[in-house]
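Novice: Protein chains in written order, with our numbering: chain A, 7 to 253; chain B, 7 to 253.
From the three backbone atoms N, C-alpha and C, an ideal C-beta is built for every residue, glycine too.
One structure coming up, written as structure tokens, with questions to follow.
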């Protein structure tokens with residue numbers, strides 16, 4: 007077992023969690039036209055992972071998801087949304103679990119609950135990464151934001167879990183963006199379009215985009231932005247709190 | 007224990023399922039402007055329930071959902087979609103489980119796996135009820151379609167599970183309807199609108215509806231329907247297989 011008193015306590019002070027069910031959190035971070043993803047690297051390994059964990063016997067699923075995320079990344083008050091349950095019969099990762107725990111000086115005994123099959127419930131969130139200060143937990147050497155197009159290979163089936171979350175985010179972007187504080191209080195149509203383009207990973211024709219988002223009735227048009235040359239000043243927009251209430 | 011040899015075999019021939027996880031299936035049936043829901047009534051009780059069950063240790067989650075539905079209702083080849091995970095810490099229904107099983111002559115011993123806490127994964131489907139011939143399993147006195155506005159009270163938290171499925175179905179109706187064979191090969195705009203109105207449970211203004219569904223590019227306009235009076239003949243539509251491929 008481990009010499010690390012924090013980890014000893016982690017394993018020994020807790021009753022076993024609810025069997026067979028785990029949670030994985032895909033935290034997308036957006037800021038200034040960049041989309042990132044939050045990953046843990048396990049201590050003394052090159053293993054990267056989504057932050058995840060388990061459900062206490064007397065804990066609501068949603069509370070467990072929030073706690074798991076906070077314990078592993080330090081992030082609080084993140085609105086997590088269920089998006090998919092990963093239930094492949096081969097979700098059992100004995101060898102990798104041994105290596106992960108070895109990195110923290112822990113030998114898993116045969117029959118340890120980590121070595122069982124788990125059905126994992128995927129949660130995702132989209133936040134402003136400039137406002138989030140993640141920090142690693144006792145098992146992790148780092149907890150950092152990675153650019154979506156240069157992420158390392160992930161352990162278990164976490165690559166698949168991440169891709170499924172990205173697909174879900176893109177499919178639900180209209181609803182997800184409202185009220186998420188990813189933009190300043192007021193913004194131009196160009197800024198709004200950049201946010202969509204970054205998350206969707208593709209360019210959008212300006213006229214199509216404008217027609218589409220105005221059709222969703224989520225925006226309120228304000229005064230023109232004050233710039234030097236008045237005749238080209240763009241309009242400012244804000245989310246319309248009367249109509250943009252779906253998220 | 008039970009005298010019924012079928013049930014004896016059911017409980018004794020099977021290894022225990024994966025702990026803590028159950029499945030519940032909300033099967034919506036549509037036909038000729040009627041929306042119904044499929045419910046089981048347990049033998050010798052007035053307890054109505056959604057068809058549900060458990061996951062075998064060596065079984066994929068999706069396969070388990072299909073098997074559970076078939077075992078309990080006889081329905082095969084139903085496309086089930088995950089929609090929500092119900093994880094309240096109080097999902098533990100000892101007294102009701104005892105009564106349900108008593109109805110089939112089964113006494114649950116203390117510690118029986120049914121008496122544990124379960125996290126339930128909700129699946130739903132929308133099918134043509136005129137083509138489905140459900141039949142009850144060994145625990146059920148009946149397996150029948152009920153009108154959505156006259157359903158009996160359900161056991162456990164099944165009322166909530168049903169309402170959440172209905173909400174999801176309504177929110178995703180555009181995507182769900184495509185290719186679901188709930189309409190004849192060709193149909194009029196009126197028939198299509200009736201389907202929406204029935205499932206949404208409200209009237210829709212005809213002009214709004216037509217603009218909306220044509221904007222989704224899911225329909226192909228065909229020749230006019232041949233009726234007696236030619237000048238009022240409505241156009242026929244079919245789903246456009248080139249564009250209507252999201253479901």
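Residue 147(A) and residue 48(A) - do their beta-carbons sit closer together than 8 Å?
Specialist: yes
Novice: How about residue 25(A) and residue 25(B): are their beta carbons less than 8 Å apart?
Specialist: yes
Novice: From what residue to what residue does the alpha helix (DSSP H) around residue 321(A) run?
Specialist: Because residue 321(A) is not part of the residues shown, which for chain A are 7 to 253, the question remains open.
Novice: Is the CB of residue 93(A) under 8 Å away from at least one CB in chain B?
Specialist: yes
Novice: Can you check whether the CB of residue 78(A) is closer than 8 Å to the CB of residue 59(A)?
Specialist: Yes, they are a contact pair.
Novice: Look at the alpha carbon of residue 72(A) and the alpha carbon of residue 82(B), and state the distance between them as a whole number of angstroms.
Specialist: 38 Å
Novice: What are the boundary residues of the alpha helix (DSSP H) that residue 169(A) is part of?
Specialist: 164 to 177
Novice: So, under 8 Å CB-CB, residue 218(A) and residue 90(A) are touching, yes? Tell me the CB distance rounded to an integer number of Å.
Specialist: Contact flag wrong, Cβ pair sits at about 26 Å.
Novice: Should residue 41(A) be labelled buried (16 or more other beta-carbon atoms within 10 Å of its own) or exposed?
Specialist: buried
Novice: If residue 3(B) and residue 55(B) are in contact, beta carbons under 8 Å, what's the gap, nearest whole angstrom?
Specialist: Residue 3(B) is absent from the model: chain B starts at 7 and stops at 253.
Novice: Would the segment 203 to 216 of chain B count as touching the segment 111 to 128 of chain B if we require 3 or more Cβ pairs under 8 Å?
Specialist: no
Novice: Buried or exposed for residue 223(B), going by 16 or more other Cβ atoms inside 10 Å?
Specialist: exposed
Novice: Between the segment 179 to 192 of chain A and the segment 129 to 144 of chain A, are three or more C-beta pairs nearer than 8 Å?
Specialist: Taking a contact to require three or more Cβ pairs closer than 8 Å, the segment 179 to 192 of chain A and the segment 129 to 144 of chain A qualify as touching.
Novice: Can you pull the chain B neighbours of residue 64(A), defined as C-beta to C-beta under 8 Å?
Specialist: 95
Novice: Do residue 167(B) and residue 43(B) have their beta-carbon atoms positioned less than 8 Å apart in this structure?
Specialist: no
Novice: By the 9 Å beta-carbon criterion, what residues does the segment 23 to 41 of chain A contribute toward chain B?
Specialist: 24, 25, 26 and 27
Novice: Looking at the unbroken alpha helix (DSSP H) that takes in residue 206(B), where does it start and where does it end?
Specialist: 195 to 206
Novice: Please name the residue in 62(B), 53(B) and 86(B) whose C-alpha comes closest to that of residue 101(B).
Specialist: 53(B)
Novice: To test your reading of the DSSP string, which unbroken alpha helix (DSSP H) runs of 4 or more residues are found completely within the segment 27 to 104 of chain A?
Specialist: 67 to 79
Novice: In chain A, which residues lie with their C-beta within 7 Å of the C-beta of residue 47(B)?
Specialist: Under the 7 Å cutoff, chain A gives no residues; its nearest Cβ is about 28 Å from residue 47(B).
Novice: Taking beta-carbon pairs under 8 Å, can you tell me which members of the segment 113 to 124 of chain A lie near chain B?
Specialist: 123
Novice: If you follow the beta strand (DSSP E) that residue 134(B) is in, where does it begin and where does it stop?
Specialist: 125 to 134
Novice: Measure how close the beta-carbons of residue 220(A) and residue 229(A) come, nearest whole angstrom, since I'm counting them as under 8 Å.
Specialist: Contact doesn't hold; Cβ gap of about 17 Å is too wide.
Novice: Under 6 Å Cβ to Cβ from residue 256(A), same chain only, skipping five residues before and after it: list those, please.
Specialist: A question about residue 256(A) goes unanswered here, because the residues of chain A that appear run from 7 up to 253.
Novice: Can the beta-carbon of residue 192(B) be found closer than 8 Å to that of residue 136(B)?
Specialist: no
Novice: Smallest Cα separation from residue 13(A): which of 187(A), 107(A) and 163(A)?
Specialist: For residue 13(A), the nearest C-alpha among the options comes from 107(A).
Novice: Starting from residue 153(A) and walking both ways along the beta strand (DSSP E), at which residues does that stretch end?
Specialist: 146 to 153
Novice: Among 197(A), 75(A), 163(A) and 120(A), which residue has its Cα nearest to the Cα of residue 33(A)?
Specialist: 75(A)
Novice: Counting along the chain, where does the beta strand (DSSP E) carrying residue 226(B) start and finish?
Specialist: 225 to 230
Novice: According to DSSP, is residue 120(B) helix, strand or coil?
Specialist: Residue state, collapsed to three classes: helix.
Novice: Residue 114(B) by DSSP, collapsed to three states: which one?
Specialist: coil
Novice: Am I right that residue 159(A) and residue 153(A) are in contact with their C-beta atoms under 8 Å? What's the rounded C-beta distance?
Specialist: Not a contact, Cβ separation roughly 15 Å.
Novice: Taking only three categories from DSSP, how would you classify residue 189(A)?
Specialist: coil
Novice: Listing by chain order, which chain B residues have their CB less than 7 Å from the CB of residue 90(A)?
Specialist: 88
Novice: Flag residue 172(A) as yes if its beta-carbon sits less than 8 Å from any beta-carbon of chain B, otherwise no.
Specialist: no
Novice: Taking residue 67(B) as the query, report the chain A residues whose CB atoms sit under 9 Å from its CB, ordered along the chain.
Specialist: 91, 92, 93, 94, 95 and 125
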